[in-house]
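Peer 1: Attaching a single structure in structure tokens format; questions to follow.
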Amino acid sequence: MNIINIEHIAKIYEVGTEKVHALADVSLTIDKNEYVAIMGPSGSGKSTLMNMLGCLDTPTKGLYEFKNENVSQMTDNELAKIRNREIGFVFQTFNLLPRSDALHNVELPLIYSGMASYERKERAKAALESVGLSDRIHHKPNELSGGQRQRVAVARALVTSPAIILADEPTGNLDTKTGEEIMSLFNDIYEQGNTIILVTHEEYIAEHAKRIIRLRDGLVESDEFVKNRILPNGNKNVPV
Amino acid sequence: MKNYLFELKEGLLISLKAIGANKMRSVLTTAGIIIGVWAVVLMSTAVKGVDTSFQEGVASLGSDNLYIDKWAWFNNDIPWWELRNRRNIDMDDYKKFKDLAKLPAAVSPSMFTNQTVKHGDYTAEFIMVVGTTNEYVNTTNLTFSQGRFFTELESRGNRNVIVLGSEIANTLFPRGNGLNKHVKIKGIKYKVVGLLEEQGSWVMGNFNPDKQAFIPIGGLFKYFRSQRRASITINVRAENSAMVAAVNEEAIEVMRRVRGLSYKERNDFSINKQDGLLDIIDQQVGVIQIAGYFITGLALFVGAIGIMNIMFVSVKERTKEIGVRKAIGAKKRTILGQFISESAIICLLGGMIGLALAVVVAMIIRQYDFPMVIQVDAVILAVVISLITGVLSGFAPAYTAAVMDPVEALRYE
């Protein structure tokens, strides 16, 4: 099933009198249970594309359909609703609320979707358990290691059972070993049937995905499947 | 509806968390609100206290009374020289009036003199000594703790008997054994036949019977003031408040006859009522109120600016947080509600502190006999005012937070 369908979208910023094409003309589709990495050097438009995919921003031109709904025409509130229910964000800097414990951070999306307190606490606990943090639910972010913080962020992304997980440089602030643990977690999530979009500039991280879309100057440079995908144990493997 | 309530509740919880994280700052921010609410509560309490004690005081004087006097007590319409040139009202006028007036429940004459009253080593200075007849007690609601008012016999015979107001009695007889003792006014011995219970309050000034002493009017003329030079007041009591207007009409009629005025001449007397006293009290209360509103308004204004300022800072500081919240699905109105409720809670907190301080101060002031009663409406007022201030001053910062672009906000460092 086709979750994301983008046709000829462009994002144009006006800087003074000059028009900057952050995205010139991009078309792509992403299906359910895909594991896609979006790569590109800085200025390639990958951040803009990620904001677009994450419904944080709308394109200047072109069509963006999310689960067959036209996102390009949506109001701010409708976008907020889509983000809340269908998209789970994982950020490079974790972006947890510093003064709230892990449980509250994870239940936050459920608060915004209007779930009753008891149910959302149960679900948040379950999500934290699934990322291996059931013994840390009342710890605040500054009482957790970087890897644990990112796990909380992943739990927060998963808790609403979103259609896609959108991870922006999720290992960027982590050491290699911890980064590998997080990538292993993403692999588990993928294997449970979730759809993951990974934005990164690191080749090694991108190769954990099954498909890599490379951007350059606001255009898709290449879009191909990974031949030697890196599996959680660190071994390269020929895809099935 | 249920959804809005839910959002409200969650918004409040989120706000409480945020405030808890910045306790010191929140309390400092709210200083203006504290002072504002403190002032408004204290003021309304004081006003209420003055009002209540005045009502009680008037009740002791009798609220259905008219006072026929040469002077207009509170009226400034008649030029003072005209008042001054009026003929004095004398005891003959009083006697004629009493015979002719049919409607009043009681009529008595009275005249004041300021004297020092002594008993042994104790002195009470600037005492308003009221000369009157035995009927005076019927034109008031005075109550006695000991003894009685002087009798008709004592009154007619101008005996040296005296009735003391509670404050004087306390001064002269701290041990409360004043009855049948003797006091001296200008060296003249008076026997204490009655002691009044506490009647009025300080609000009434010289009208407060607690600071008055009563002697037969003949004695007053004999010892302290010349009957020829001074003008007496005729105290007229109506049966009830419904009768006051009719008694007033009749009093004018009768007085004109007593004074022998032709139809062309204007009244050469004034009929005074306690309403006039009420006006004066209202003026005093008005001054308290204006001062109170001014302080309150100023403090709340400063407070509101403080809150707005700190909320702007808070929004700026938490730009990233706002970005995250928006990314995971917070709507505009959710963010708006979160920051408005945060500011409202801070203000409410300030309001509560202000209220508590006002209660403390009211209790302290009450030690000094100023009547202070914290009213439920003052509490409601405090809550409403601080909430409104919070919402108003929180709106602009909350709005800037609500309309933030999530992409920009997330990028903010």
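Quick mapping for you: the protein sequence lines, in order, are chains B and H. All residue numbers for the first sequence refer to our numbering, where the first residue is 1 and numbers rise by one. All residue numbers for the second sequence refer to our numbering, where the first residue is 241 and numbers rise by one. By construction, the Cβ of each residue, glycine as well, lies at the ideal position given by its N, Cα and C atoms.
1) In chain B, what lies closer than 8 Å to H:Lys571 by C-beta?
2) With DSSP as the reference, label B:Ser222 as helix, strand or coil.
3) From B:Lys19 to B:Tyr13, what distance separates their C-alpha atoms?
4) Is B:Ile205 helix, strand or coil by DSSP?
5) Going by beta-carbon coordinates alone, are H:Lys342 and H:Ser471 separated by less than 8 Å?
6) In angstroms with no decimal places, state the Cα-to-Cα distance between B:Asp243 and B:Phe225.
7) Could you check how far apart the C-beta atoms of H:Thr285 and H:Gly590 are, in whole angstroms? I think they sit under 8 Å.
8) Let's test the definition: count the other Cβ atoms within 10 Å of the Cβ of H:Thr372 and tell me whether it reaches 16, buried, or not, exposed.
9) Can you check which of these residues, H:Leu256, H:Met592, H:Asn488, H:Ala279, is closest to H:Asp304 by C-alpha distance?
10) Indicate whether H:Lys566 and B:Ala80 have their beta-carbon atoms separated by less than 8 Å.
11) Please list, in chain order, all residues of the same chain as H:Met241 whose beta carbon is under 7 Å from its beta carbon, the five residues on each side excluded.
12) The segment 631-644 of chain H: which residues have C-beta closer than 8 Å to a C-beta of chain B, in chain order?
13) Going by beta-carbon coordinates alone, are B:Ala102 and B:Leu63 separated by less than 8 Å?
14) Cβ closer than 9 Å: which chain H residues qualify as neighbours of B:Leu49?
15) So who's on the other strand from B:His138, going by DSSP bridges?
16) Could you please tell me which residues of the segment 31-57 of chain B, in chain order, have their CB closer than 8 Å to any CB of chain H?
17) For B:Asn5, would you say it is in contact with chain H, using Cβ-to-Cβ distances shorter than 8 Å as the test?
18) Rounded to whole angstroms, what's the CA-CA distance from H:Gln355 to H:Met368? Just pull it up for me.
19) Could you tell me whether the Cβ of H:Met241 comes closer than 8 Å to any Cβ of chain B?
20) Check the Cβ of B:Arg120 against every Cβ in chain H and list those closer than 8 Å, keeping chain order.
21) What residue does the alpha helix (DSSP H) around H:Met603 start on, and which one ends it?
22) Looking at chain H, which residues of the segment 86-118 of chain B have a Cβ within less than 7 Å of any of its Cβ atoms?
23) Using a 10 Å radius around the Cβ and a threshold of 16 neighbouring Cβ atoms, would you call H:Ala544 buried or exposed?
24) Consult DSSP for B:Asn77 and reduce its assignment to one of helix, strand or coil.
25) Taking a cut of 9 Å between CB atoms, which residues from the segment 561-587 of chain H lie near chain B?
26) In the DSSP output, what is B:Ala10 paired with across the bridge?
27) Please state the DSSP three-state secondary structure of H:Ile568.
28) Any idea if B:His208 is buried or exposed, counting beta-carbon neighbours within 10 angstroms, 16 or more meaning buried?
29) So, using beta-carbon positions, are B:Leu215 and B:Leu53 closer together than 8 Å?
30) Closer than 7 Å, Cβ to any Cβ of chain B: which residues of the segment 258-270 of chain H, in chain order?
31) What span of residues does the alpha helix (DSSP H) with B:Lys46 cover, start to end?
32) So, is the C-beta of B:Asn84 closer than 8 Å to a C-beta in chain H?
33) Using a Cβ-Cβ cut-off of 8 Å, state whether B:Arg151 counts as contacting chain H.
34) Can you find a C-beta in chain H that's less than 8 Å from the C-beta of B:Arg123?
35) Ignore the nearest five residues each way along the sequence and tell me which others in B:Lys67's own chain have a CB closer than 8 Å to its CB.
36) What is the DSSP secondary structure of H:Tyr212, counted as helix, strand or coil?
Peer 2: On the basis of the supplied data:
1) Reading the second sequence from its first residue, position 331 is the one you call residue 571 of chain H. Simply Asp76, Asn77, Ala80, Lys81, Tyr112.
2) As a position in the first sequence, residue 222 of chain B is number 222, starting the count at 1. B:Ser222 falls in the strand class under three-state DSSP.
3) As a working mapping, residue 19 of chain B is identified with position 19 in the first sequence. As a working mapping, residue 13 of chain B is identified with position 13 in the first sequence. If you take the alpha carbons of B:Lys19 and B:Tyr13, they lie about 6 Å apart.
4) Taking the first residue of the first sequence as position 1, residue 205 of chain B is located at position 205. If DSSP states are grouped into helix, strand and coil, B:Ile205 belongs with the helices.
5) Looking up residue 342 of chain H in the second sequence gives position 102. Looking up residue 471 of chain H in the second sequence gives position 231. Not in contact: H:Lys342 and H:Ser471 (Cβ atoms no closer than 8 Å).
6) Any answer about residue 243 of chain B is impossible in this case: the structure gives chain B only from 1 up to 240.
7) In the second sequence, counting from the first residue as 1, residue 285 of chain H sits at position 45. In the second sequence, counting from the first residue as 1, residue 590 of chain H sits at position 350. With a Cβ gap of about 18 Å, H:Thr285 and H:Gly590 do not count as contacting.
8) Within the second sequence, numbered from 1, the residue matching residue 372 of chain H stands at position 132. Buried is the call here.
9) Within the second sequence, numbered from 1, the residue matching residue 304 of chain H stands at position 64. When each option's Cα is compared against that of H:Asp304, the closest is H:Asn488.
10) One-based indexing of the second sequence puts residue 566 of chain H at position 326. One-based indexing of the first sequence puts residue 80 of chain B at position 80. Result yes, Cβ atoms of H:Lys566 and B:Ala80 sit closer than 8 Å.
11) Counting from 1 along the second sequence, the entry for residue 241 of chain H is found at position 1. Because the pLDDT of H:Met241 is 47, which lies under 50, any placement of that residue in the model is unreliable, and the question is left without a value.
12) none
13) By one-based count along the first sequence, residue 102 of chain B stands at place 102. By one-based count along the first sequence, residue 63 of chain B stands at place 63. Against a cut-off of 8 Å, the Cβ pair of B:Leu63 and B:Ala102 comes out as no contact.
14) For the purposes of this step, residue 49 of chain B is taken as residue 49 along the first sequence, with counting starting at 1. Within 9 Å Cβ-Cβ: nothing; B:Leu49 doesn't reach chain H, min ~12 Å.
15) Walking along the first sequence from the start, residue 138 of chain B turns up at place 138. DSSP, once it has assigned bridges, lists no residue as partnering B:His138.
16) Asn51, Gly54, Leu56, Asp57
17) Position 5 of the first sequence, counted from the start, is the residue given in the question as residue 5 of chain B. With 8 Å as the cut-off, B:Asn5 does not count as an interface residue toward chain H.
18) For this step, residue 355 of chain H is matched to residue 115 along the second sequence. For this step, residue 368 of chain H is matched to residue 128 along the second sequence. Approximately 7 Å between the Cα atoms of the pair.
19) For the purposes of this step, residue 241 of chain H is taken as residue 1 along the second sequence, with counting starting at 1. For H:Met241, the pLDDT reaches just 47, beneath the cut-off of 50, and the residue's location in the model is therefore unreliable, although a value from the coordinates is still provided. Chain B, which has no Cβ nearer than 8 Å to the Cβ of H:Met241, makes this no.
20) Along the first sequence, read from residue 1 onward, the residue named residue 120 of chain B stands at position 120. Correct list: empty, because the minimum Cβ distance to chain H is about 10 Å.
21) Along the second sequence, one-based indexing puts residue 603 of chain H at 363. Note, H:Met603: alpha helix (DSSP H), 572-606.
22) Phe89, Asn95, Leu97, Arg99, Ser100, Leu108, Pro109, Ile111, Tyr112, Ser113, Gly114
23) In the second sequence, residue 544 of chain H corresponds to position 304, counting from 1. When all chains shown are included, H:Ala544 counts as buried.
24) Counting from 1 along the first sequence, the entry for residue 77 of chain B is found at position 77. Helix, per DSSP.
25) Glu561, Gly563, Val564, Arg565, Lys566, Ala567, Ile568, Gly569, Ala570, Lys571, Lys572, Arg573, Thr574
26) Here residue 10 of chain B refers to the residue found at position 10 when the first sequence is read from its first residue. BP columns for B:Ala10 point to B:Lys61.
27) On the second sequence, position 328 is the one that residue 568 of chain H refers to. DSSP places H:Ile568 in coil when its eight states are reduced to three.
28) Sequence index remark: in the first sequence, residue 208 of chain B carries index 208 (1-based). B:His208 comes out buried.
29) Mapped onto the first sequence, residue 215 of chain B falls at position 215. Mapped onto the first sequence, residue 53 of chain B falls at position 53. No.
30) Ala261
31) In the first sequence, counting from the first residue as 1, residue 46 of chain B sits at position 46. It spans 46-53 - the alpha helix (DSSP H) in which B:Lys46 sits, taken as one unbroken run.
32) In the first sequence, counting from the first residue as 1, residue 84 of chain B sits at position 84. True, the Cβ-Cβ gap to chain H drops below 8 Å.
33) One-based indexing of the first sequence puts residue 151 of chain B at position 151. Cβ-Cβ to chain H under 8 Å: no for B:Arg151.
34) The residue labelled residue 123 of chain B in the question sits at position 123 within the first sequence. Answer no: the Cβ-Cβ gap between B:Arg123 and chain H never drops below 8 Å.
35) Here the question's residue 67 of chain B lines up with position 67 in the first sequence. Ile3, Glu86, Ala163.
36) With chain H running from 241 to 653 in the structure shown, residue 212 of chain H is simply not present.
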